[in-house]
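Read through the structure below, which is laid out as structure tokens, and then see the notes.
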Amino acid sequence: MKWLCGAVLAVLLSAPVQAQSVVATGDLGLVVERATGSLLLVDQSDHAVLTRIEGLGDLSHASLVYSPDERFAYVFGRDGGLTKVDLVEQRIDRRIVQAGNAIGGAISDDGTLVAVSNYEPGGVRIFDAGTLQPVADIPTGSKTIGLVDAPGRRFVFTLWDAGETWIADLSGGTPDVTRIEDMGTNPYDALITGDGRLYITGLFGEDGLTALDLWDPDPKPIRVLPEYGRGEEELPVYKMPHLEGWARAGREFVLPAVGHHEVLWIDGDTLAETGRTKTHGQPVFAMARPDGRHVWVNFAHPLNDTIQVIDTLTKKVVHEFKPGPAVLHMEFTARGHEVWISVRDAGKVMVYDTRTFEKRGEIEAESPSGIFFTARAHRTGL
Amino acid sequence: MLKLLLTVAFCLLAITSLALAAESSPPQVLVSLVHQDCGSCHGMTLKGGLGPDIRPEALAHYDVDTLSTVVLDGIPKTAMPPWRPLISEADARRIAEYLLKGDIK
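As they're listed, the protein sequences go chains A and B. No gaps in the numbering here: position 161 of the first sequence is 163 in my numbering, and each next residue is one more. No gaps in the numbering here: position 19 of the second sequence is 143 in my numbering, and each next residue is one more.
The structure is reproduced here in structure tokens:
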């Protein structure tokens, strides 16, 4: 009897210990500290930093993607560094430097391949997600931008200098590349819609955007809003806008114009213009809240202390505020009840309620830029 | 009325920019501008991104005059914007010197 009590006690005692060792990652995220080459592992619900992970090299313009199980992050640094970070162990799992100058990456829909978009040498390199061993090298002879994952173990990317989009199909192991010419002059970034159907690239060298219908077996460039700035003098662009797969708000897309202080609205089916909204400055990110009801916009230097919130039914600015100097990035919680905002020169990440716009918290961070929550693991194109 | 308002707003903006442009900025402000904001295109370490490498060895073929003109007026038909609306000629010159020598006064 005494022995039995002891056994029960042992089980009871071990239970809490075991509970403490379980790390669920669905509520976590990573914040890039660009100047110090470090990441903050954060807890969304607690508005708290769990730990700082250091030693990731040059993280200017860094971005990352998550493994399907939300355990690992793959971090793409400017210096060509590809770092696999373990959120459960809270440490770097492995790290390689795969090129001289890189601009971002993507993970295949099955989570087995990680692709990196490179400026130097121009092209895309693909690695095994488990080991980071090289799987394929696709040189393009051009700075390569707008790399996204597409369904069916494919990657789509675009050539800044050559104005082409390439679709690399890795379903058969080795890349089968389809080249699409005549996308336009100097495509600077691109997005893929959450359903994996439309790939849209923004153009720096001319007004307008170019879309591809990836459901078409032989996709052809579709001009979108050609000459959207006709007759207007272009304004200087002190920071290139970003295009990401959150652009769809209800039945429309909202996209930043280049060289004009406005966001552009297009019909999600016909790709015809449905409106424009004048904005405070050159938009950098125009992010639809996950429910699509509002779009949050931040701006390029020197107007980058401001955020505007646009109502997607009226296309009017309904809220404007100044979180602080150099707002670089915003990230919504998965269902959009809160937004995290990195304010680089204040050394803080601010958390706001997306309905009341009330500030809900803040955390200290060293020159924070990108914020990435683990729910991205389950979204195509993020 | 809207047009008048816009004109007034534009004039105010222009005056503010001029006021800013007339000032000489402290070195740390210029260094931060170069690495953080020029760094949007050229990389925070200036080794290049969408824009080229602008470390001293890469810019050796420029003199201070030419380079400060590039900073002020940009390079047409490229992504290099004119910074004249935001910075003074004197500051552009100090930025050019910083880029060429890696030092700032």
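Cβ atoms here follow ideal geometry from the backbone N, Cα and C, with glycine treated the same way.
So what does DSSP say about L238 (chain B), is it helix, strand or coil?
With chain B covering 125 to 229 only, the question about residue 238 (chain B) has no answer from this structure.
Run through chain A and tell me which residues come within less than 7 Å of T73 (chain B), C-beta to C-beta.
Outside the shown range of chain B (125 to 229) lies residue 73 (chain B), about which nothing can therefore be said.
Exposed or buried, H63 (chain A), counting other C-beta atoms within 10 Å across all chains shown (16 or more means buried)?
H63 (chain A) comes out buried.
Taking the runs of the beta strand (DSSP E) that are 3 residues or longer, which of them lie wholly in the region 284 to 342 of chain A?
The region 284 to 342 of chain A contains these whole beta strand (DSSP E) runs: 285 to 290, 296 to 301, 309 to 313, 319 to 323, 329 to 334.
Report whether the distance from the Cβ of P205 (chain B) to the nearest heavy atom of the ligand ADP is below 7 Å.
Annotation note on the ligand ADP: not contained in the displayed structure, which lists no ligands.
Let me check understanding here. Comparing Cα to Cα, which of A:V126, A:V44, A:P228, A:P285 lies closest to L385 (chain A)?
No answer is possible for residue 385 (chain A): it lies beyond the span of chain A, which begins at 3 and ends at 384.
Would you tell me roughly how many angstroms separate the C-alpha atoms of D293 (chain A) and G372 (chain A), rounded to the nearest one?
Rounded to whole angstroms, D293 (chain A) to G372 (chain A) spans 21 Å at the Cα level.
K317 (chain A) CB to nearest chain B CB: under 8 Å?
So, not an interface residue.
Counting only runs that start and end within the region 209 to 268 of chain A, where is the beta strand (DSSP E) found for 3 or more residues in a row?
Counting only runs of 3 or more, we get 211 to 215, 224 to 226, 254 to 258.
Nearest CA to the CA of L273 (chain A): which residue from A:Q284, A:A26, A:Y201, A:V353?
Of A:Q284, A:A26, A:Y201, A:V353, the residue nearest in Cα terms is A:Y201.
Could you tell me which of A:T316, A:L384, A:Y190, A:T376 sits nearest to D71 (chain A), measuring between CA atoms?
Nearest of A:T316, A:L384, A:Y190, A:T376 to D71 (chain A), Cα basis: A:T376.
Quick check on this structure: which residue in A:G210, A:G83, A:R73, A:D271 has the alpha carbon closest to the alpha carbon of D60 (chain A)?
The candidate whose alpha carbon is nearest that of D60 (chain A) is A:G83.
Which residues of chain B have a Cβ atom closer than 9 Å to the Cβ of H303 (chain A), listed in chain order?
Chain B residues near H303 (chain A): L157, Q160, D161, S164, L210.
Under three-state DSSP, which class holds D215 (chain B)?
Of the three classes helix, strand and coil, the one that applies to D215 (chain B) here is helix, per DSSP.
Please confirm if P238 (chain A) has its CB atom under 8 Å from at least one CB of chain B.
Closer than 8 Å to some Cβ of chain B, the Cβ of P238 (chain A) qualifies, so yes.
Quick check on this structure: which residue in A:V179, A:G210, A:T176 has the alpha carbon closest to the alpha carbon of A192 (chain A)?
Of the listed residues, the one whose Cα sits closest to A192 (chain A) is A:G210.
So the candidates are A:G28, A:S23, A:V24; which of them puts its Cα closest to the Cα of F374 (chain A)?
Among A:G28, A:S23, A:V24, the Cα nearest to that of F374 (chain A) belongs to A:G28.
Going by DSSP in three states, L154 (chain B) sits in which element: helix, strand or coil?
Here L154 (chain B) sits in helix by DSSP.
Closer than 7 Å by C-beta to A208 (chain B): which residues in its own chain qualify, once you throw out the five before and the five after it? Chain order, please.
Sequence check: residue 208 (chain B) is Arg here, not Ala. Result list for R208 (chain B): L196, D197, in chain order.
At 8 Å on the CB atoms, spell out the chain B contacts of M242 (chain A), in chain order.
The answer, in chain order, is S164, C165, L174, A203.
Whose Cβ in chain B lies nearer than 7 Å to the Cβ of H63 (chain A)?
Going along chain B in sequence order, the residues near H63 (chain A) (Cβ under 7 Å) are G173.
Between S40 (chain A) and V34 (chain A), what straight-line distance do the alpha-carbon atoms span, to the nearest angstrom?
Spanning the two alpha carbons is a distance of roughly 6 Å.
Using a Cβ-Cβ distance under 8 Å, would R60 (chain A) count as near chain B?
Position check: residue 60 (chain A) holds Asp in this sequence, whereas Arg was assumed. Cβ-Cβ to chain B under 8 Å: yes for D60 (chain A).
Among A:G207, A:G198, A:E229, which residue has its Cα nearest to the Cα of L214 (chain A)?
Nearest of A:G207, A:G198, A:E229 to L214 (chain A), Cα basis: A:G198.
Does the structure place the region 104 to 113 of chain A close enough to the region 143 to 158 of chain A that three or more beta carbon pairs sit under 8 Å?
Contact holds: three or more Cβ-Cβ distances are below 8 Å.
List the DSSP bridge partners of K280 (chain A).
Per DSSP, A:E264.
Based on the DSSP output, what are the partners of N188 (chain A) in its beta bridges?
According to DSSP, which records beta bridges pairwise, N188 (chain A) is partnered with nothing at all.
Excluding five sequence neighbours on each side, which residues of the same chain lie with their C-beta closer than 8 Å to the C-beta of S192 (chain B)?
Same-chain partners within the cutoff: E213, A216, R217, I219, A220.
So what does Q25 (chain A) bridge to, in DSSP terms?
A small correction: the amino acid at residue 25 (chain A) is Val; Gln does not occupy that position in the sequence shown. In DSSP, V25 (chain A) forms no bridge with anything.
Between the region 359 to 370 of chain A and the region 217 to 225 of chain A, are three or more C-beta pairs nearer than 8 Å?
No: fewer than three Cβ pairs fall under 8 Å.
Have a look at A:S23, A:V329, A:R96 and flag the residue whose alpha-carbon is nearest the alpha-carbon of D130 (chain A).
When each option's Cα is compared against that of D130 (chain A), the closest is A:R96.
Mapping the DSSP letters down to three states, classify G349 (chain A) as helix, strand or coil.
Here G349 (chain A) sits in coil by DSSP.
Taking the DSSP output, what are the residues bridged to K77 (chain A)?
Here residue 77 (chain A) turns out to be Val, not Lys, going by the sequence shown. Answer is A:L66, A:T85.
Closer than 9 Å, Cβ to Cβ, to anything on chain B: give me those residues from the region 74 to 105 of chain A, in chain order.
So the list reads R80, D81, G102, N103, I105, given in the order they occur along the chain.
Using 8 Å as the limit for Cβ to Cβ distance, is P206 (chain B) near chain A?
By this cut-off, P206 (chain B) is an interface position.
Who are the neighbours of F206 (chain A) on chain B, taking C-beta pairs under 7 Å?
Near F206 (chain A) (Cβ distances below 7 Å), the residues of chain B are A203.
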